[in-house]
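Asker: The number in the working numbering is simply the position in the sequence shown, starting from 1, with 98 added.
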Amino acid sequence: MSSFRMTESRLEPAAAAVDVTLPAGQGWTQELAPGDIFRIVDLEGNQAVDTLFFNGRDIDERYSATETIRAQGNIYLTTGTRLMSSEGRPLLTIVADTCGRHDTVGGACSAESNQVRYALDKQHMHNCRDSFLLALARYGHGMGKRDLPNNINFFMNVPVTPGGELTFADGVSGPGRYVEMRAERDVLVLISNCPQLNNPCNAYNPTPVRLLVWPKV
Ligand SMILES: [Zn+2]
């Protein structure tokens, strides 16, 4: 997809304060301070990384797909996108991106969507909504279902057709591609590394991602 604008980072993984590999199907939370840099690496390619952000000092202020799309006048996320909150303020800014396009309209998979999109017998399958809830339960602070607004799907390709329909298409990412963002305030990161086995976005093969944080310099 050469039409996408790629922006590389100069940060070295060896200097990161946090460097973890998150297997597919697992959730993760991380607190960021203003100025921290957060990178997600698509280790094997075409993984979907379902992600939410909250104001670390007031979790009632959280990522808003609507405010983000409205602020930039574009439905896809890439370098320069300010990830806006429900209060219309930037939580983070994407500062590097070697994938080129990320989705924020497709939503997270759930037991319900697995049945509607694929088959009734997919109801029991592991899904992002459950991973989000499990990670929030471990994090504590009383967060739960009411704290799951529409999310970002990093590395996921969900083109919108001229007729306005969503299509779950083959991925546009590849092994080692990454997206990097700067926290603009205290931020809580919530990730579900998607376990989905029914979607061509990840070639029906969910894979691990690498998560890095560099403290503000
Ligand atoms: Zn999912």
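Ideal Cβ placement from N, Cα and C applies to all residues, glycine included.
(1) Am I right that Arg199 and Val270 are in contact with their C-beta atoms under 8 Å? What's the rounded C-beta distance?
(2) For the beta strand (DSSP E) that Phe152 lies in, which residues bound it at each end?
(3) In whole angstroms, what separates the C-alpha of Glu282 from that of Phe152?
(4) Check whether the Cβ of Ala122 lies closer than 7 Å to any heavy atom of ligand 1, and answer yes or no.
(5) Is there contact here, the segment 232-249 with the segment 170-178, by at least three beta-carbon pairs under 8 Å?
(6) For ligand 1, is there any heavy atom lying closer than 7 Å to the beta carbon of Ser290?
(7) Counting C-beta neighbours from all protein chains within 10 Å, is the total for Thr259 16 or more, i.e. buried, or is it exposed?
(8) With H, G and I counted as helix, E and B as strand and the rest as coil, what does DSSP make of Pro188?
(9) For ligand 1, is there a heavy atom less than 7 Å away from the beta-carbon of Ala281?
(10) Nearest to Thr176 by CA position, among Tyr276, Asn291 and Arg308, is which residue?
Answerer: Taking the structure as given:
(1) Looking up residue 199 in the sequence shown gives position 101. Looking up residue 270 in the sequence shown gives position 172. Correct: roughly 6 Å between the Cβ atoms.
(2) In the sequence shown, the residue the question calls residue 152 occupies position 54. Residues Val147 to Asn153.
(3) As a position in the sequence shown, residue 282 is number 184, starting the count at 1. As a position in the sequence shown, residue 152 is number 54, starting the count at 1. Phe152 has its alpha-carbon roughly 12 Å from the corresponding atom of Glu282.
(4) Looking up residue 122 in the sequence shown gives position 24. No - ligand 1 has no heavy atom lying nearer than 7 Å to the Cβ of Ala122.
(5) No: fewer than three Cβ pairs fall under 8 Å.
(6) Indexing the sequence shown from 1 puts residue 290 at position 192. Taking 7 Å as the cut-off, one finds at least one heavy atom of ligand 1 near enough to the beta carbon of Ser290.
(7) For this step, residue 259 is matched to residue 161 along the sequence shown. Flag for Thr259 reads exposed.
(8) If you number the sequence shown from 1, residue 188 lands on position 90. Residue state, collapsed to three classes: strand.
(9) Here residue 281 corresponds to residue number 183 of the sequence shown, with the count starting at 1. Result no, Cβ not under 7 Å from ligand 1.
(10) The sequence position of residue 176 within the sequence shown is 78, counting from 1. Here the closest residue by C-alpha is Tyr276.
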